[in-house]
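Q: Before I ask anything, let me first share the structure, which is written out below as structure tokens.
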Amino acid sequence: MKTYQRERRYLCGRSARAAQYQEVEIYPLPTRDPRSRELDRQHAQAPPFRGTPKAQANHNAKMARKWFHRLAVSNFDRTDTHTTLTYDAEHRPADPDAAWRDFRNWVRHLREKCRAADVPKPELLAVMEWQDADAETGKKAVAPHFHVLLRCGLSRDEIEACWHRKGVPLGRANTDRLQLDKGSLEALANYMLKNPNRKHRYYRSRGIRDPVMPPPRDGRYTRRQVVRLATDSALLHSADYWARKYPGWELNDAEAHYNDYLGWSISLKLRRRPPPKGGGNPCGHCT
């Protein structure tokens with residue numbers, strides 16, 4: 001079967017020029033095959049969590065973690081916070097819908113406080129996680145709880161104080177400043193979706209931007225090149241090789257994946273190369 005190689009880039013930042021991190025997916029697509037569009041769609045957007053067969057559910061979870069991480073890096077930095085919202089035994093909700101109402105009320109309280117303090121509206125990306133009890137498998141129920149990446153002009157105490165129902169605290173709210181060491185935001189995004197057996201639901205506020213996606217490039221890589229990269233670990237992880245391919249960027253991580261139907265694909269994580277001491281752009285232009 002004939003295939004061609006597609007390169008799709010995700011520039012994670014407020015704009016392409018401001019992005020300090022990007023991911024690159026290099027993957028084969030079959031020529032004139034309707035399955036090409038479905039495969040390309042899977043790379044272009046995150047699938048929802050659904051009750052699917054195990055293999056598809058695992059794939060959905062993996063792609064969703066990737067997309068969530070891209071959203072996180074595109075919209076948040078070390079000036080923002082990670083907030084965890086949990087319930088005490090007295091206020092534990094009967095079902096996820098009730099918890100969702102509490103969360104929306106928390107967001108409303110944040111907006112009201114921001115308006116009163118004359119600071120910009122909060123921007124947030126959140127995950128609700130829960131687990132239903134299952135007597136057959138012995139799984140215990142896990143109360144709905146929330147992990148929130150938040151950009152907000154309020155203090156930590158003010159943010160945490162908004163977690164209440166008619167003035168009565170619902171449980172514990174904990175807010176910490178984001179720590180953005182190498183790979184730490186990805187680790188946090190994975191933690192927020194840590195248990196694929198549990199159910200998840202996303203919330204993203206209106207101000208959250210998708211990563212910048214330049215038009216895909218076809219034919220930049222040949223099948224032979226991709227196979228060579230995928231089967232030669234030293235070349236796949238060569239910082240010099242990828243620096244030549246993507247001037248101004250340095251390799252953070254590289255992975256190769258094999259598909260029985262289409263063959264090899266490659267995933268790259270790149271960080272913008274810091275400018276040399278004394279200023280200037282090391283590559284003379286922005287990618």
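Residue numbers for the sequence shown follow the UniProt record's numbering, so the first one is 1 and each next one is one higher. Don't be surprised by glycine CBs; every beta carbon is placed ideally from N, CA and C.
In or out: S74 buried (at least 16 other Cβ within 10 Å) or exposed?
A: Indexing the sequence shown from 1 puts residue 74 at position 74. Result: buried.
Q: What does the Cβ neighbour count give for D77, buried or exposed, with the cut at 16 atoms within 10 Å?
A: The residue given as residue 77 occupies position 77 in the sequence shown. Exposed.
Q: With a threshold of 16 other CB atoms inside 10 Å of the CB of P275, please say whether the residue is buried or exposed.
A: Position 275 of the sequence shown, counted from the start, is the residue given in the question as residue 275. Looking at its Cβ environment, which holds fewer than 16 other Cβ atoms inside 10 Å, P275 is exposed.
Q: Based on the DSSP secondary-structure assignment, which residues constitute the bridge partners of C12?
A: If you number the sequence shown from 1, residue 12 lands on position 12. For C12, which the question treats as bridged, DSSP gives the partners Y21.
Q: Hey, how far is the Cα of Q20 from the Cα of R115?
A: Position 20 of the sequence shown, counted from the first residue, corresponds to residue 20. Position 115 of the sequence shown, counted from the first residue, corresponds to residue 115. So the two alpha carbons sit approximately 31 Å from each other.
Q: DSSP three-state label for E160, please.
A: Along the sequence shown, one-based indexing puts residue 160 at 160. Here E160 sits in helix by DSSP.
Q: Would you identify the three-state DSSP class for residue 290, choosing helix, strand or coil?
A: Since the first residue shown for the chain is 1 and the last is 287, residue 290 is missing from the structure and cannot be characterised.
Q: Can you give me the Cβ contacts of L124 inside the same chain, cut-off strictly under 6 Å, excluding the 5 residues immediately before and after it?
A: The sequence position of residue 124 within the sequence shown is 124, counting from 1. V148, L150, S205, listed in sequence order.
Q: If distances are taken between C-alpha atoms only, which option among L170, D95, L268, Q5 comes closest to L85?
A: On the sequence shown, position 85 is the one that residue 85 refers to. Of the listed residues, the one whose Cα sits closest to L85 is L170.
Q: Could you spell out where the beta strand (DSSP E) holding V127 opens and where it closes?
A: Your numbering for residue 127 matches position 127 in the sequence shown. First-last of the beta strand (DSSP E) with V127: 123-131.
Q: Rounded to whole angstroms, what is the Cα-Cα separation between R273 and Y261?
A: Within the sequence shown, the letter at position 273 stands for residue 273. Within the sequence shown, the letter at position 261 stands for residue 261. So the two alpha carbons sit approximately 36 Å from each other.
Q: Report the residue from A57, R9, Y27 whose alpha carbon sits nearest the alpha carbon of L229.
A: Start at 1 with the first residue of the sequence shown, and residue 229 comes out as number 229. Checked all of A57, R9, Y27; the closest Cα to L229 is Y27.
Q: So, at 6 Å on beta carbons, what are the nonlocal neighbours of E7 in its own chain, with the 5 sequence-adjacent residues on each side left out?
A: Against the sequence shown, residue 7 aligns to sequence position 7. Within the same chain, E7 has close Cβ partners I26, R217, R220.
Q: How long is the line joining the alpha carbons of K121 and A133, rounded to whole angstroms?
A: Sequence index remark: in the sequence shown, residue 121 carries index 121 (1-based). Sequence index remark: in the sequence shown, residue 133 carries index 133 (1-based). Spanning the two alpha carbons is a distance of roughly 37 Å.
Q: Using three-state DSSP, classify T84 as helix, strand or coil.
A: Counting from one through the sequence shown, the residue named residue 84 turns up at place 84. T84 falls in the strand class under three-state DSSP.
Q: Could you check what DSSP says for Y202 in three-state terms: helix, strand or coil?
A: The residue you call residue 202 lines up with position 202 of the sequence shown. Strand, per DSSP.
Q: Give a yes or no on whether the C-beta atoms belonging to Q5 and W249 are separated by under 8 Å.
A: To locate residue 5, count along the sequence shown from 1; it is residue 5. To locate residue 249, count along the sequence shown from 1; it is residue 249. Cβ atoms of Q5 and W249: not closer than 8 Å.
Q: Give the single residue among V24, D118, M192, G138 whose Cα lies nearest to the Cα of H145.
A: Residue numbering aside, residue 145 sits at position 145 when the sequence shown is read from its first letter. When each option's Cα is compared against that of H145, the closest is M192.
Q: Any idea if K139 is buried or exposed, counting beta-carbon neighbours within 10 angstroms, 16 or more meaning buried?
A: Within the sequence shown, the letter at position 139 stands for residue 139. Looking at its Cβ environment, which holds fewer than 16 other Cβ atoms inside 10 Å, K139 is exposed.
Q: Looking at C-beta atoms only, is the number of pairs between the stretch 92-102 and the stretch 173-182 that lie closer than 8 Å three or more?
A: Cβ pair count under 8 Å is below three, so no.
Q: Excluding five sequence neighbours on each side, which residues of the same chain lie with their C-beta closer than 6 Å to the C-beta of W130?
A: Residue 130 sits at position 130 when you count from the first residue of the sequence shown. Here the set comprises P96, V142, P144, K199.
Q: When we look at the beta-carbon of P211 and count the other beta-carbons within 10 Å, is it buried (16 or more) or exposed?
A: In the sequence shown, residue 211 corresponds to position 211, counting from 1. Buried.
Q: Please state the DSSP three-state secondary structure of L270.
A: The sequence position of residue 270 within the sequence shown is 270, counting from 1. Here L270 sits in strand by DSSP.
Q: Expressed to the nearest angstrom, what Euclidean distance is found between the alpha-carbon atoms of P47 and R65?
A: Counting from one through the sequence shown, the residue named residue 47 turns up at place 47. Counting from one through the sequence shown, the residue named residue 65 turns up at place 65. Caution is warranted here: a pLDDT of 49 is assigned to P47, below 50, making its placement in the model unreliable, and no coordinate value can be reported.
Q: So what does DSSP say about Q5, is it helix, strand or coil?
A: Counted from its first residue, the sequence shown places residue 5 at position 5. Correct three-state label for Q5: strand.
Q: Cα-Cα, which of L11, A135, R111 is closest to W67?
A: Taking the sequence shown and counting its residues from 1, one reaches residue 67 at position 67. Considering only alpha carbons, the answer is L11.
Q: Specify the secondary structure class of R165 as computed by DSSP and reduced to three states.
A: On the sequence shown, position 165 is the one that residue 165 refers to. It is a strand residue.
Q: Comparing alpha-carbon positions, which option in A254, S233, L71 lies nearest L188?
A: For the purposes of this step, residue 188 is taken as the residue at position 188 of the sequence shown. Considering only alpha carbons, the answer is L71.
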